[in-house]
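Every position in the sequence shown, counted from 1, becomes a number in this note's numbering once 30 is added. We put the CB at the ideal spot given by N, CA and C, even for glycine. Input: a single structure, listed below in structure tokens.
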Amino acid sequence: MSGQYESNATLYTGLASGYSIRSDERKVDFYAVANSLDNIVTTLASPKTAAKVGRRLLARHLLLKKPDPAILGEKGFKALQESVTDSVRMLVVVPGSEDSTTARIDQLMSRPGVNGLTDLLSSATSRYSPDGITENLIAKRENMSDIISLKYKADDPAVTQQTLNVLLDVFADRYMDNKTAETRSVVRFYENKTREAAAKLQAAEAQLQSFGAGNDIINFDEQARTTAAGRSQLEMEYQRELMNNRGAKAGVASLEKRMKDRANYLTTSNELRVKRDELSAAQVQLANAEVMGRDAKTLDALRSRVTRLTTDVQAVVQKYYGEGSSSDAMPQESLTNEWLGKVLAADESAARLEVFEKRLREYDASFKKLAPLGPQLTHLSREVQVAEEEYKAVLNGLNKAKLEQKSVEMASPINSIDRPDFPQKASNVTRWLIIAGSFMVMLFLGIFVLALRTWMNNRLQNPSRTEQITGLSLAAAFPLMQGRFVNRLKSVKHSMVEQLRSAIVVELSQQSRPQPYLITILSTRPAQGKTWVGTALSAKFAAAGHRVAYLYPETSVLTPDATTSAGLSRVQAISYPVQDDFVDTQRAEVLFDGQTDPVPTDYDYIFLELPSLMETAIPAHLAAQSNVSLVVVDAQAVWTKTDQSLADLYRRASQRGCVLGVLNRVDMVLMDAMPQPETSGQRLALPASTTPATAVVKSV
């Protein structure tokens, strides 16, 4: 045997002591760290990783045209030349490209059948096969640190180093793919949701903007407030001007009464009427300009025109009115001037009132337009707000997902503290020494394991130990059918079925529930023997003339034996599917769906076999309705905390109903007492001073 070369490498994972983006937010969970390190070691030594390493290493070696001490020695190069034909080389080798050559090898190996590389990549003794690589690879965690050490042995020092180098590269790719697969899907989900939320927000904002532009709304609240305030102010000015107008009109009427005929002449003068109309129109324009807030230049021009027209009117009045006094001795000129002032004031006031009334009508029209727009605008604004909140929530989720993704990427355990070294010399251990040492080690380990198992055996084994560990009251114990006492054990098995039936009958006789009686058979884990116990019991009850139905999961297989075949043909066996909503099943009658004849109420006994509690959640309603529940356990099994928790949960679900234990596959030498077979004239008698369950256990 040639010497073996060993290369070493060290990986730093940083799972517990490393720093990442979210280091400040998280506390170190050492259980999770240990689990992650186990996952890393498993990934390093997995067959799929080894297969990828072997194919890439083979591609690297196939690209060599001559031996290279740093990649493949002369002996290995010659062996590879002999193993791979020229036709296969032409098919897979891409000169100068290791990746392309590896891809072609993958493509060739994916085809069905045998090809020129099958032996190299599958033989257990090949350095390129998964078995050959994993057999010589050792990956383990160093004490309680974040360090994983790698060792690889081969008969070629270059192959030893190159295999570890390729392993580190393949592992880095696989581990990163596995670690980021979940975060990629989460990020992709949030990215899609963010795009949907952004589109929804943009649509809502566009609808709100279109509504505002179509209805000339810039700021609805401000516009409504300004409109209301402006109308209120305008209403006050209108009322004030209305009083002024009425006062001016009253003054004109009073003065015209004093002026008598000449006043009539003035009012009917065509020249004066024309001037007054021009003045009135000018005053209306001035009033409009003042109300609308025109610039000072325009206002000054309008005021100048009003002043000029006022002077013209006064001149016309003076023309038709001479000097003199009125009938009440008032100077005629003063009276005329006063009358003219009142007339002009009345005209000016009327012009202002006309403008005010027009503006009030405009305000009323604005109110009528704004009133129905308010609720619509509120609705659209609320849609924008809801869309914005949804967008912010989804965006926040996207940011967290990306942060988690980046944290995973930065926490990647692909940092090599020590790259694989090139071994300088081989070990001198010979074949016989390895064989002898292995034999001694295996012998010692065998003795040690046997002694350790004897000392730390925590299997259930026998009835008394089972009751002590599980807390169940045993109703029967069935022996393990093996050895030379098989006929004797069959008799014991038959006796135990009768004993279990007696325990059930006695328990049912103490209950007041009407038929049909529901008897549930269950186990905490699969392959405990509950199907056999259920079919044996139901067959015995059916053989006694009772109407019996046996409900079992469609994954179970009924295999009758000599103990059950006689009565099982009289049992109505019905399989039912176990789906996600099985835990919510309200009554056992629901499992009869599809059975029209007979109906569930036609039976005396309904035996219900449940799936193992480790595989299916406990149907609490069915457990509470069970008259008797039988928990079947294997004497060869180890009762764990999980088993105990499931058994306790079922007891709670049964609402303190009758829950009995049935021990299966008990070794004959561990039976507390072997009951004698029943004769035709003998029946099992229960002591009056004990409960049924206790009496049965004692007989076991």
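Per-residue burial, T460 [other beta carbons within 10 Å of its own, 16 or more giving buried]: In this predicted model, T460 has a pLDDT of only 49, less than 50, meaning its place in the structure is not dependable; the value taken from the coordinates is given anyway. Classification of T460: exposed, given that the 10 Å Cβ count is below 16.
Close-in-space but distant-in-sequence residues of the same chain around T585 (CB under 8 Å, 5 per side omitted): V608 and P641
Thinking just about the alpha-carbon of each residue, which of M322, A259, T79 and S140 is nearest to the one in Y205? T79
Suppose you measure from the CA of G106 to the CA of V124; what does that come to, to the nearest Å? 21 Å
Give me whichever residues DSSP pairs with I551 in a beta bridge. E639 and L660
Quick check on S525: does DSSP put it in helix, strand or coil? helix
Same chain, Cβ closer than 8 Å to E36, neighbours up to 5 away in sequence not counted: K181, Y182, K183, T190, P453 and S457
I'd like to know if the segment 562 to 569 and the segment 536 to 547 are in contact, where contact means that at least 3 CB-CB pairs between them fall below 8 Å. no
Could you tell me whether the segment 66 to 74 touches the segment 165 to 181, where touching means 3 or more Cβ pairs closer than 8 Å? yes
Is L147 helix, strand or coil when you go by DSSP? coil
DSSP state of K181, grouped into three classes? strand
Inside the segment 558 to 592 only - alpha helix (DSSP H) runs reaching at least 4 residues: 560 to 573
Does the Cβ-Cβ distance between L309 and A319 come in under 8 Å? no
Assuming T40 is part of the beta strand (DSSP E), what are its boundary residues? Y35 to Y42
Based on DSSP bridge pairs, tell me the residues matched to A169. L180
Tell me, to the nearest whole angstrom, how far the beta carbon of L410 is from that of L238; I am working on the premise that it is less than 8 Å. 4 Å
Reduced DSSP secondary structure (H/G/I, E/B, other) of L469: The question names Leu, yet the displayed sequence has Phe at residue 469. Note: F469 maps to helix in three-state DSSP.
Does the Cβ of A306 have 16 or more other Cβ atoms within 10 Å, making it buried, or fewer, making it exposed? Before going on, a small fix: residue 306 reads as Arg here, not Ala. Flag for R306 reads buried.
Assuming S159 contacts G44 (C-beta within less than 8 Å), just tell me the rounded distance between them. So it is not a contact: roughly 32 Å between Cβ atoms.
Residues sharing a beta bridge with V668, DSSP: R489
Do the segment 676 to 688 and the segment 652 to 663 touch if we need at least three Cβ pairs shorter than 8 Å? yes
Rounded C-alpha distance that separates V689 from E434: 48 Å
If we count the other Cβ atoms within 10 Å of its Cβ and call it buried at 16 or more, is F612 buried or exposed? buried
Since A603 and Y580 should fall inside the 8 Å C-beta cutoff, what is the C-beta to C-beta distance between them, to a whole number of angstroms? 5 Å
Output the distance between the C-alpha atoms of V661 and S553, rounded to the nearest integer angstrom. 5 Å
Given A381, which residues of its chain have a CB within under 7 Å of its CB, disregarding the five upstream and five downstream residues? S310, Q313, V314 and A317
Could you round the C-beta distance between I177 and Y42 to whole angstroms and report it? I think they count as a contact, below 8 Å. 6 Å
Between A283 and Q406, what straight-line distance do the alpha-carbon atoms span, to the nearest angstrom? 54 Å
Residues near V216 by beta carbon distance below 6 Å, same chain, minus five either side: A431
Check the DSSP bridge columns for L690 and list the partner residues they point to. S503 and L660
Enumerate in chain order the residues of its own chain whose CB-to-CB distance from G103 is below 7 Å, with the five nearest sequence positions on each side excluded. P97, D186 and A188
I need the boundaries of the alpha helix (DSSP H) containing I135, first residue and last residue. E128 to M139
The beta strand (DSSP E) that contains Q602, what's its start and end? Q602 to Y606
Minimum C-alpha distance to V668 - residue among V527, K520, K570 and N492: N492
Rounded straight-line distance, which links the Cα of F622 to that of R531: 24 Å
So which of L502, L425 and Q540 has the shortest CA-CA distance to N222? L425
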